[in-house]
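Asks: If you count the sequence shown from 1, you need to add 355 to reach the working numbering.
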Amino acid sequence: MRKKRVLLLSEGFGAGHTQAAHALSVGLRMLSPDVQTRVLELGSFLHPTLAPWILTAYRKTVTVQPKLYGLMYRAQYKKSLNRLTRLALHRIFYAQTAEIIRQLRPDTIVCTHPFPNAVISRLKRAGLNMPLCTVITDYDAHGTWVNSEVNKYLVSTPDVKEKLIHRGIPSESIQVTGIPVHPNFWEPHNREELRARFKLKAMPTVLLMGGGWGMLHNEEFLQQLIAWRDKIQLVVCLGSNEKALAAMAQDARFQHEHIRLLGFTQEVDKWMDVADLLITKPGGMTCTEALAKGIPMLFYKPIPGQEEENLQYFTQQGFGEPIKSGATVEQWFRLLTDHYPEVIRMRALLIHRPSYKPSDCPRAIMELLAP
């Protein structure tokens with residue numbers, strides 16, 4: 356008997372969508388050896404030359420003109436993809452995506468980005484007879500996600516479910532599962548072993564993520580962090596931003612025994628386990644990974660749109676707070692240095708909080724695969 360096949364489609368507009376697809380891929384295979392998965396960023400796969408140009412333009416718009424991006428986000432908030440966008444997706448992806456499906460013969464298609472979701476929905480209207488599962492990878496429900504052809508929506512919170520219901524999606528087609536994270540985030544690791552392995556000291560540790568999106572270009576903010584380097588261990592994760600990593604490594608201020616600079620790493624789960632506080636942009640995936648790890652968060656300047664919605668959710672739930680001024684960082688750093696034993700106890704309680712089960716999302720997809 357052949358294995359059940361799951362095709363997971365994403366796009367590279369921000370790392371979170373594809374991270375969610377890969378997390379589901381690994382999670383599904385962990386839950387069952389009888390499942391075969393394939394992850395594709397549809398645009399990059401079908402148009403490897405064009406896609407990087409589009410992604411670069413998107414990234415520049417978000418970082419250089421965030422207000423413009425926010426206006427575009429809000430203008431389309433209650434609408435599905437506009438006619439021009441649907442036509443472009445049809446011309447660029449439609450026939451080739453149909454051929455991919457014919458060759459791979461999946462039993463279920465899972466989309467973690469609105470663009471492939473729209474393409475597969477159109478194929479279903481044209482006669483494709485296959486379950487379509489859509490995973491919304493933020494703490495909001497933008498109108499571009501909404502298509503009546505979706506068989507199952509997997510969403511982050513009951514509030515997102517309510518928003519979809521108000522947009523005409525039947526309640527029975529929506530399941531609250533949380534956003535999927537890689538199984539590495541499902542269980543905590545031993546902090547003392549990690550400290551020894553990473554050559555870190557047993558002292559308050561702060562992890563910074565999101566430097567590639569402008570956080571570390573704020574000189575005043577950087578200077579405030581550096582001022583604490585004798586009392587607080589700083590781990591700065593710059594991801595694939597090799598240019599920023601090289602520049603910081605040459606900066607004498609960061610050449611300190613309590614400062615660690617990281618490039619791309621596949622061990623974010625372990626760095627979160629060893630940290631006491633996360634400073635980050637409020638992206639849906641990073642925040643969900645931190646939620647699974649039970650690490651408190653400080654949020655740096657959300658991009659207008661979904662990051663603002665993410666920030667609102669995590670702040671309301673008490674999982675973190677926005678950096679309104681330097682006083683916010685000062686307050687938390689003093690808490691870490693002056694009351695470190697209490698912080699460690701709080702961290703342990705957050706790790707064992709029962710409200711979030713990272714395996715729920717892949718389990719929901721397994722149900723679609725059941726005969």
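Cβ coordinates follow ideal geometry from the N, Cα and C atoms, glycine included.
Rounded to the nearest angstrom, what separates residue 366 and residue 693 at their Cα positions?
Replies: As a working mapping, residue 366 is identified with position 11 in the sequence shown. As a working mapping, residue 693 is identified with position 338 in the sequence shown. When rounded, the distance between both Cα atoms is 44 Å.
Asks: Any contact of the stretch 547–562 with the stretch 632–639, i.e. 3+ C-beta pairs under 8 Å?
Replies: yes
Asks: Using only the alpha-carbon positions, how far apart do residue 537 and residue 394 sit?
Replies: Counting from 1 along the sequence shown, the entry for residue 537 is found at position 182. Counting from 1 along the sequence shown, the entry for residue 394 is found at position 39. Answer to the nearest angstrom: the Cα atoms are 14 Å apart.
Asks: Could you compute how far the alpha carbon of residue 456 sits from the alpha carbon of residue 691?
Replies: Walking along the sequence shown from the start, residue 456 turns up at place 101. Walking along the sequence shown from the start, residue 691 turns up at place 336. Looking at the two C-alpha atoms, the distance is approximately 52 Å.
Asks: Name the one or two DSSP bridge partners that residue 654 has.
Replies: One-based indexing of the sequence shown puts residue 654 at position 299. For residue 654, which the question treats as bridged, DSSP gives the partners 635, 677.
Asks: From residue 386 to residue 622, what distance separates their C-alpha atoms?
Replies: What you label residue 386 is simply residue 31 of the sequence shown in a count that begins at 1. What you label residue 622 is simply residue 267 of the sequence shown in a count that begins at 1. Going by the C-alpha atoms only, they are around 21 Å apart.
Asks: My guess is that residue 488 and residue 506 are in contact by the Cβ rule of under 8 Å, so how many angstroms apart are they, rounded?
Replies: Along the sequence shown, read from residue 1 onward, the residue named residue 488 stands at position 133. Along the sequence shown, read from residue 1 onward, the residue named residue 506 stands at position 151. The pair is a contact, with the Cβ atoms about 6 Å apart (cut-off 8 Å).
Asks: Leaving out the 5 sequence neighbours to the left and right, which residues in its chain are closer than 6 Å to residue 409 when beta-carbon positions are compared?
Replies: Within the sequence shown, residue 409 is the residue found at index 54, counting from 1. Confidence at residue 409 is low in this model, with a pLDDT of 47, below 50, so the placement of that residue should be treated as unreliable; the coordinate-derived value is given next. Excluding residues within five positions, none has a Cβ falling inside 6 Å.
Asks: With a 10 Å radius around its C-beta and 16 neighbouring C-beta atoms as the bar for buried, classify residue 521 as buried or exposed.
Replies: For this step, residue 521 is matched to residue 166 along the sequence shown. The residue is exposed, with fewer than 16 neighbouring Cβ atoms inside 10 Å.
Asks: Does the pairing of the stretch 488–497 with the stretch 514–532 give three or more beta-carbon distances under 8 Å?
Replies: yes
Asks: Verify the contact flag: residue 564, CB atom, against every heavy atom of the ligand COA, threshold strictly below 7 Å.
Replies: This structure simply doesn't include the ligand COA, nor any ligand for that matter.
Asks: Exposed or buried, residue 417, counting other C-beta atoms within 10 Å across all chains shown (16 or more means buried)?
Replies: By 1-based counting over the sequence shown, the position of residue 417 is 62. Bear in mind that the predicted position of residue 417 carries a pLDDT of just 48, short of 50, making it unreliable; the figure below should be weighed with that in mind. Counting Cβ neighbours within 10 Å, residue 417 comes out buried, since at least 16 surround it.
Asks: Give me the residue from 518, 510, 549 with the minimum Cα distance to residue 629.
Replies: To locate residue 629, count along the sequence shown from 1; it is residue 274. Cα-wise, what sits closest to residue 629 is 549.
Asks: Pop quiz: residue 639 and residue 661 are said to be a contact at Cβ under 8 Å. What is the actual Cβ separation, rounded to whole angstroms?
Replies: Numbered from 1 along the sequence shown, position 284 holds the residue referred to as residue 639. Numbered from 1 along the sequence shown, position 306 holds the residue referred to as residue 661. Indeed, because the Cβ distance is near 7 Å, the residues count as touching under 8 Å.
Asks: Measure the Cβ-Cβ separation of residue 519 and residue 716 and say whether it is below 8 Å.
Replies: The residue given as residue 519 occupies position 164 in the sequence shown. The residue given as residue 716 occupies position 361 in the sequence shown. Against a cut-off of 8 Å, the Cβ pair of residue 716 and residue 519 comes out as no contact.
Asks: Threshold first: 4 residues or longer. Then list the alpha helix (DSSP H) segments lying entirely within the stretch 462–550, N to C.
Replies: 469–480, 513–521
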